[in-house]
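Student: Pasting a structure below so you can have a look.
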Amino acid sequence: MVASRNFRFRLESVLIYLGLGIFAFIAVTPFLHTIARSFSAEAPILRGEVYIWPVGFSFDAYERLVIGGTFWLAYRNSFFITTSATLVQMLMTILCAYPLSRTYLPGRNIFMTLIVFQMIFPPSLIPFYLTVREVGLIDSWGSLIWPYAINTFNMIVLKSYFQALPRELEESAIIDGANDFRVLIHIMLPLSVPVLLTLTLFYVVANWNLFLPAIFFINDGNKQPLQVILRDMIWSMQLATQTASADDFERLAGMEALKASSVIIAAIPMLVAYPFFQRFFIKGILLGAIKG
């Protein structure tokens with residue numbers, strides 16, 4: 001009986017790991033293929049020989065990308081937008097979540113009703129655009145920061161986490177003479193590090209991948225974030241491929257490697273940042289959801 005149960009357990013474990021391994025391979029393969037194309041020579045790309053391993057290893061695409069100025073200008077723009085927007089969003093999320101988590105706040109339920117109503121019925125694009133234009137944010141980085149200064153879902157997650165923390169800690173601090181600001185800074189925030197880092201990761205990823213707002217609000221090419229420039233590069237390469245003659249195939253192969261290398265470089269910041277947040281990621285989401 002025990003041997004049969006152990007065999008069944010081992011078989012289930014093998015099947016689970018096998019399924020997860022297959023799923024992971026399917027998920028990672030496109031990324032490996034892109035990396036392989038970025039490091040491959042032009043001829044193997046032309047012949048369709050590149051799969052998940054570089055053929056004719058070459059740094060030519062990355063060297064051409066380093067020389068180009070537009071890509072790195074957009075890279076700098078995205079870094080500035082991501083950093084600034086994330087700081088503003090985390091500040092606004094904390095300052096909104098903490099008061100709403102206190103039961104003694106007058107009108108707390110009314111505020112929460114309005115917030116949930118806005119989540120269910122978000123503003124349409126045209127009124128939103130007109131509002132951004134009227135406040136003078138068109139063609140400025142502020143149009144990508146201030147209208148998106150808070151995410152209501154993230155705020156509700158943080159609010160639920162604050163509500164679940166022991167009230168005794170707050171009450172003892174108040175008895176010792178601490179005001180709400182000191183309670184927030186010295187008690188609530190240190191106890192909320194997992195969920196704060198998780199929400200920071202959410203904001204960073206969303207801001208780094210910012211695309212549609214930049215299309216709508218930014219007209220100056222020198223202010224466009226990386227994702228828009230990357231889209232323009234890919235479109236121009238696809239258009240060149242469609243209109244190319246037989247003599248242009250070698251040049252187009254180099255463009256394919258350049259496209260792959262630009263995608264890889266665009267993904268590097270998120271690949272570097274995620275391992276530092278990983279150990280807080282699942283913990284923060286589970287605590288914010290379960291305690292709410």
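Numbering-wise (the UniProt record's numbering), the sequence shown opens with residue 1 and increments by one.
Note that CB positions come from ideal geometry on N, CA and C, so glycine has one too.
1. Buried or exposed for F276, going by 16 or more other Cβ atoms inside 10 Å?
2. Considering just the uninterrupted stretch of the alpha helix (DSSP H) at F71, what are its terminal residues?
3. Would you say L65 and S262 are within 8 Å of each other, going by their C-beta atoms?
4. Report yes if the C-beta distance between I229 and F39 is below 8 Å; otherwise report no.
5. If you check the beta carbons only, do A27 and W53 fall under 8 Å apart?
6. Does the structure place the segment 184-196 close enough to the segment 154-174 that three or more beta carbon pairs sit under 8 Å?
7. In chain order, what residues of the same chain have a beta carbon less than 6 Å from the beta carbon of A85, not counting five sequence neighbours either side?
8. Please report the Cβ distance between P225 and A61, rounded to the nearest whole angstrom; I am assuming they are in contact, meaning their Cβ atoms lie under 8 Å.
9. Quick check on V272: buried or exposed, where buried means 16 or more other Cβ atoms within 10 Å of its Cβ?
10. DSSP on T103, reduced to helix/strand/coil?
11. Which whole-angstrom value describes the C-beta separation of L199 and L158, a residue pair presumed to lie in contact below a C-beta threshold of 8 Å?
12. Give me the Cα-Cα distance between A257 and F59, rounded to the nearest whole angstrom.
13. Which of the three DSSP states, helix, strand or coil, is assigned to W235?
Tutor: Reading it off the structure:
1. exposed
2. G69 to L100
3. yes
4. no
5. no
6. yes
7. I145 and N207
8. At roughly 22 Å, the Cβ-Cβ gap does not stay under 8 Å, so P225 and A61 are not in contact.
9. exposed
10. coil
11. 6 Å
12. 10 Å
13. helix
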